[in-house]
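Chains as they are written, first to last, in the numbering used here: chain R, 545 to 1130; chain P, 29 to 299.
By construction, the Cβ of each residue, glycine as well, lies at the ideal position given by its N, Cα and C atoms.
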Amino acid sequence: MTDETSNVVQSLSVAEVADVELYHPKSWITKYVFSQDAKIIAIQYSITALSIGLVALVMSWLMRLQLGFPGLLSFIDADRYYQIMTMHGMIMVIYLLTALFLGGFGNYLIPLMLGARDMVFPYVNMLSFWVYLLAVLVLVASFFVPGGPTGAGWTLYPPQAILATTPGKEWGIIVMLVSLMLFIIGFTMGGLNYVVTVLQGRTRGMTLLRMPLTVWGIFTATVLALLAFPALFVGCVMMLLDRVIGTSFFMPAIVSMGEQLPYKGGSPILFQHLFWFFGHPEVYIVALPAFGIISDLISTHARKNIFGYRMMVWALVAIGALSFVVWAHHMYVSGMHPAFGFFFATTTLIIAIPTAIKVYNWVLTLWRGDIHLTVPMLFALAFIVTFVNGGLTGLFLGNVVVDVPLSDTMFVVAHFHMVMGIAPIFAIFGAIYHWYPKVTGRLLSDTLGKLHFWVTFLGAYAIFFPLHYIGLMGVPRRYYEMGEMAFVPPSTVTLNAFITIVALIVGAAQLMFVFNLVWSLRRGRPAGGNPWGATTLEWQTPQTPPGHGNWGKTLPVVYRWAYDYSVPGAAQDFLPQNQPPVPRTA
Amino acid sequence: MRIAVALALIVLGSVVFHLLSPWWWTPIASNWSYIDDTILITFWITGVVFAAVVLFMAYCVFRFRHREGSRAAYQPESTRLEWWLSIGTGVGVAAMLAPGLFVWHQFVTVPKDATTVEVVGQQWQWSYRLPGADGRLGASDVAYVSPDNPLGLDPKDPHGQDDVIIQGDQLHLQLGKPVKILLRSLDVVHDFYVPEFRAKMDMIPGSVTYYWFTPTRAGTFEALCAELCGVGHSHMRGSVVVELESDHQTWLLLQKTFAQLRAPVRADAGN
Chain R
545 MTDETSNVVQ
555 SLSVAEVADV
565 ELYHPKSWIT
575 KYVFSQDAKI
585 IAIQYSITAL
595 SIGLVALVMS
605 WLMRLQLGFP
615 GLLSFIDADR
625 YYQIMTMHGM
635 IMVIYLLTAL
645 FLGGFGNYLI
655 PLMLGARDMV
665 FPYVNMLSFW
675 VYLLAVLVLV
685 ASFFVPGGPT
695 GAGWTLYPPQ
705 AILATTPGKE
715 WGIIVMLVSL
725 MLFIIGFTMG
735 GLNYVVTVLQ
745 GRTRGMTLLR
755 MPLTVWGIFT
765 ATVLALLAFP
775 ALFVGCVMML
785 LDRVIGTSFF
795 MPAIVSMGEQ
805 LPYKGGSPIL
815 FQHLFWFFGH
825 PEVYIVALPA
835 FGIISDLIST
845 HARKNIFGYR
855 MMVWALVAIG
865 ALSFVVWAHH
875 MYVSGMHPAF
885 GFFFATTTLI
895 IAIPTAIKVY
905 NWVLTLWRGD
915 IHLTVPMLFA
925 LAFIVTFVNG
935 GLTGLFLGNV
945 VVDVPLSDTM
955 FVVAHFHMVM
965 GIAPIFAIFG
975 AIYHWYPKVT
985 GRLLSDTLGK
995 LHFWVTFLGA
1005 YAIFFPLHYI
1015 GLMGVPRRYY
1025 EMGEMAFVPP
1035 STVTLNAFIT
1045 IVALIVGAAQ
1055 LMFVFNLVWS
1065 LRRGRPAGGN
1075 PWGATTLEWQ
1085 TPQTPPGHGN
1095 WGKTLPVVYR
1105 WAYDYSVPGA
1115 AQDFLPQNQP
1125 PVPRTA
Chain P
29 MRIAVALALI
39 VLGSVVFHLL
49 SPWWWTPIAS
59 NWSYIDDTIL
69 ITFWITGVVF
79 AAVVLFMAYC
89 VFRFRHREGS
99 RAAYQPESTR
109 LEWWLSIGTG
119 VGVAAMLAPG
129 LFVWHQFVTV
139 PKDATTVEVV
149 GQQWQWSYRL
159 PGADGRLGAS
169 DVAYVSPDNP
179 LGLDPKDPHG
189 QDDVIIQGDQ
199 LHLQLGKPVK
209 ILLRSLDVVH
219 DFYVPEFRAK
229 MDMIPGSVTY
239 YWFTPTRAGT
249 FEALCAELCG
259 VGHSHMRGSV
269 VVELESDHQT
279 WLLLQKTFAQ
289 LRAPVRADAG
299 N
């Protein structure tokens, strides 16, 4: 893939690019706290996201304990259960996954992989993190306000979200909406940065079709997020007005607990459209960066170019575009006009085609590879298994009439945890094991990593695979307790207890991962600049961890695509993107 | 190496679990066996794809694992192969979508001879309303809701006077007779869901939604709320009795109409 351009590159000289435009920190505070360096901001984002994610992990334990052993923990009453459930979902989707993929990996990898010194707007980038942190703190504050956090479910459907019969109606829901709005403001500042940096900040020779798929994934996801989050923002504003000053955007005339409320004429289903117009692209905001990362992990650790690179790029773009015309598949049983079902089922199932192409190309990359079973590679393989599993159950739920019996059951819970919980988290784990050496200069412990992998992979599958069948029976989701259900066999109680025990073990394994992150910081094996023999630019920095401005005096010049692994005739089994081609002997 | 075995075992374990587990859908009690059929088609197609992809991965990991001196092949792309795979996927998707849309068309097309039953949801109980002798349900609005008019019927609408109102009791349906379920909520979004009937639909305050089915099996079935409706969500249960026409008529005669329920109130007012 270098030949077509090799005549041109001969004329490129290595450019000396002054770094005068960069902000140079003058104190410890401006270097590490109010930092404008994308790498520091990335670490700040990642630590914040992982910390709040741990809170959500503990919440999943509490929920599972209630489902597996009802009444075991006396402090979990129905109010608390719904509050825990809501916060678990919201934190995991927005404050962990979105923030970590875009704010964490986006900030670290975009400038480095593109050969830039930093993001194009470092100051705004810094603000982005601090507004995100504020959003997280406001979210955490909802645990301490009177009445506690909202228990409206992460979808926050009105009217129940703002009525007295839902926990957290005093302050919880207000705090939640404000936190979401702050998150969106913070994200927008970061997101504009990522897009402009990808479009304007690439080094010489780094054409769009030479970018690593990780950057393509994060870039496409960011464009999606910039277009999708405003819908949620508008929904939050309107609901806040309904709650605080009694407008009726989403509130029709209602009799609640025997009392006529002053609302009139609003539309609850309008909120659902706004929410899912954001909510469905949100699935891909999380999935597309994972797609990109997995492509790069598989290629690097199988020592083989990603199969069908151009098709992979087009598939990302196609999935991104299609993701804006499928939102109402979350609403098949919402009572919207039945004719919508035909349209949204068709678009939803069409999206399976570019998605399937990505899966094929991952496994075809393994074919005739030289597969190193490193921890990142193991997590990449586990990602494919769980993503394929969750993607395929999406074909059940996307096919409108099949969704009718399954909607709102545990089948849905199993599906979305597999496809946008477990799978993206595996991509995150793989990515952390892969890039930790670049961020810290040290490798994570391999022994702990493998143990972490096996417990998490097999455990997560054992949790969520059987759960589909509980849903297929008809057990609804969001039930504080199953109680007596005539159609549910007693063996289900045993299965629920089993799932809970496995969930506790898998959760404990994550603490081992956190320990590994901290322990390896000092004790890990020194990694050197390029421990995996990878081609992409972030592994070619003059220092590891990369210094301020990333590249020293001269910016790298790119001569080839990101996937020159095992090129016939080359001495090494990888050719870095900035390695010039051998001059042709004419 | 171990991972190759694990991948193969995951496929094997999933298939065995699917075939042997005691957890499966409830025996159907409505005409929507087409929905079950579509689910089975989807299980087959997706199951084959899942097994094929994961087993292929297991084989690759086993066959092409790193060994001393081994080197990967260099093959950037194969347009031909990618097109064939895309077309194959398209065919598989069409094989699921076509029956799905066909059955959806039936699901949203209510037969002309369907009787009408209204289900009203409010936190956290179900109420029901059946048309009286005139075969029509009277108008309703939440503005009319009061202690003696819990479902908010228009007191001036003559069609509503003979409507049968059932509160805190079971709904009875006639075996073999198509029924259009009108769904109305007084407060928040609920969802009237009987697993054996396969059908469900949200009820949204401010509008009336519906679905239809034909009960095909006599018996008593549990109704659940399937849309989060506040803190009592999991306790919002009801039950539906499906019975022969003669039993149904007997039951219907014992129920009170809107006019009968309001009579004592009027009598009190008269005194």
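Taking all protein chains shown into account, decide if residue i is buried (16 or more other Cβ within 10 angstroms of its Cβ) or exposed.
i                : result
E110 of chain P  : buried
G1087 of chain R : A small correction: the amino acid at residue 1087 of chain R is Gln; Gly does not occupy that position in the sequence shown. Exposed, because fewer than 16 other Cβ atoms sit within 10 Å of the Cβ of Q1087 of chain R.
W698 of chain R  : buried
Q554 of chain R  : Residue placement at Q554 of chain R is poorly supported in this model, since its pLDDT is 43, which falls under 50; the coordinates still yield a value, given next. The residue is exposed, with fewer than 16 neighbouring Cβ atoms inside 10 Å.
V552 of chain R  : At V552 of chain R the pLDDT is 42, less than 50, meaning the model places this residue with poor confidence; the figure from the coordinates comes in the next sentence. Classification for V552 of chain R: exposed.
I1139 of chain R : Because chain R here runs from 545 to 1130, residue 1139 of chain R falls outside it and cannot be looked at.
A180 of chain P  : In the sequence under discussion, the amino acid at residue 180 of chain P is Gly, which differs from the Ala named in the question. G180 of chain P should be labelled buried.
Y667 of chain R  : exposed
P130 of chain P  : It is worth fixing the name first, because residue 130 of chain P is Phe in this sequence and not Pro. F130 of chain P should be labelled exposed.
T710 of chain R  : buried
P806 of chain R  : exposed
H961 of chain R  : buried
G163 of chain P  : exposed
P693 of chain R  : buried
Y876 of chain R  : buried
Consider the Cβ of residue i: report whether some Cβ of chain P lies at a distance smaller than 8 Å.
i               : result
E714 of chain R : no
S839 of chain R : no
M545 of chain R : Interpretation of M545 of chain R is limited by its pLDDT of 49, a score under 50 that renders its predicted location unreliable; no figure is taken from the coordinates.
T710 of chain R : yes
V877 of chain R : yes
N849 of chain R : yes
G695 of chain R : yes
G974 of chain R : no
T549 of chain R : In this prediction, T549 of chain R scores a pLDDT of 43, lower than 50, which makes its location untrustworthy; the coordinate-derived value is nonetheless stated afterwards. No, its Cβ sits nowhere closer than 8 Å to a Cβ of chain P.
The beta strand (DSSP E) spanning residue i covers which residue range?
i               : result
Q150 of chain P : 143 to 150
I209 of chain P : 207 to 213
I193 of chain P : 192 to 195
H200 of chain P : 199 to 202
W154 of chain P : 153 to 158
H218 of chain P : 218 to 221
W240 of chain P : 237 to 241
What are the boundary residues of the alpha helix (DSSP H) that residue i is part of?
i                : result
Y977 of chain R  : 967 to 984
I1043 of chain R : 1035 to 1067
F249 of chain P  : That residue, F249 of chain P, is in no alpha helix (DSSP H); its beta strand (DSSP E) goes 247 to 253.
L771 of chain R  : 757 to 788
R1021 of chain R : Careful: R1021 of chain R lies outside any alpha helix (DSSP H) and carries neither H nor E.
E273 of chain P  : 273 to 282
T583 of chain R  : Checking the sequence shown, residue 583 of chain R turns out to be Lys, not Thr. Looking at the DSSP string, the run of the alpha helix (DSSP H) that includes K583 of chain R is 582 to 612.
Does residue i have its Cβ less than 8 Å from a Cβ in chain R?
i               : result
W112 of chain P : no
Y156 of chain P : no
D230 of chain P : yes
S49 of chain P  : yes
A227 of chain P : yes
W132 of chain P : yes
G128 of chain P : yes
H200 of chain P : no
E96 of chain P  : no
Q17 of chain P  : With chain P running from 29 to 299 in the structure shown, residue 17 of chain P is simply not present.
Taking contact to mean at least 3 C-beta pairs separated by less than 8 Å, is the segment 763 to 773 of chain R in contact with the segment 1113 to 1124 of chain R?
-> no
Do the segment 669 to 682 of chain R and the segment 599 to 613 of chain R make contact, defined as three or more Cβ pairs closer than 8 Å?
-> no
Is the number of C-beta pairs between the segment 1013 to 1031 of chain R and the segment 1099 to 1110 of chain R that are closer than 8 Å three or more?
-> No: fewer than three Cβ pairs fall under 8 Å.
Are the segment 781 to 801 of chain R and the segment 735 to 746 of chain R touching, with three or more C-beta to C-beta distances below 8 Å?
-> no
Is the number of C-beta pairs between the segment 263 to 275 of chain P and the segment 909 to 929 of chain R that are closer than 8 Å three or more?
-> Inter-segment contact for the segment 263 to 275 of chain P and the segment 909 to 929 of chain R is absent: fewer than three beta-carbon pairs are separated by less than 8 Å.
Taking one C-beta from the segment 171 to 179 of chain P and one from the segment 196 to 203 of chain P each time, how about it: are there three or more such pairs within less than 8 Å?
-> no
With 7 Å as the C-beta to C-beta threshold (strictly closer), list the residues of the segment 1023 to 1037 of chain R near chain P in chain order.
-> Cβ contacts with chain P come from Y1023, Y1024, E1025, G1027, M1029, A1030, F1031, P1033, S1035, T1036.
Residues within the segment 1007 to 1018 of chain R neighbouring chain P, beta-carbon criterion of under 8 Å | From the segment 1007 to 1018 of chain R, only F1009, P1010, Y1013, I1014, L1016, M1017, G1018 have a Cβ closer than 8 Å to chain P.
Count the C-beta pairs between the segment 879 to 894 of chain R and the segment 59 to 70 of chain P that are closer than 8 Å, then say yes if the count reaches three, no if not.
-> Output reads no: the segment 59 to 70 of chain P does not touch the segment 879 to 894 of chain R.
Mind listing which residues of the segment 598 to 622 of chain R have their C-beta closer than 8 Å to chain P's C-betas, in chain order?
-> A622
Does the segment 72 to 89 of chain P come within contact of the segment 856 to 869 of chain R, defined as at least 3 CB pairs closer than 8 Å?
-> These segments do not touch.
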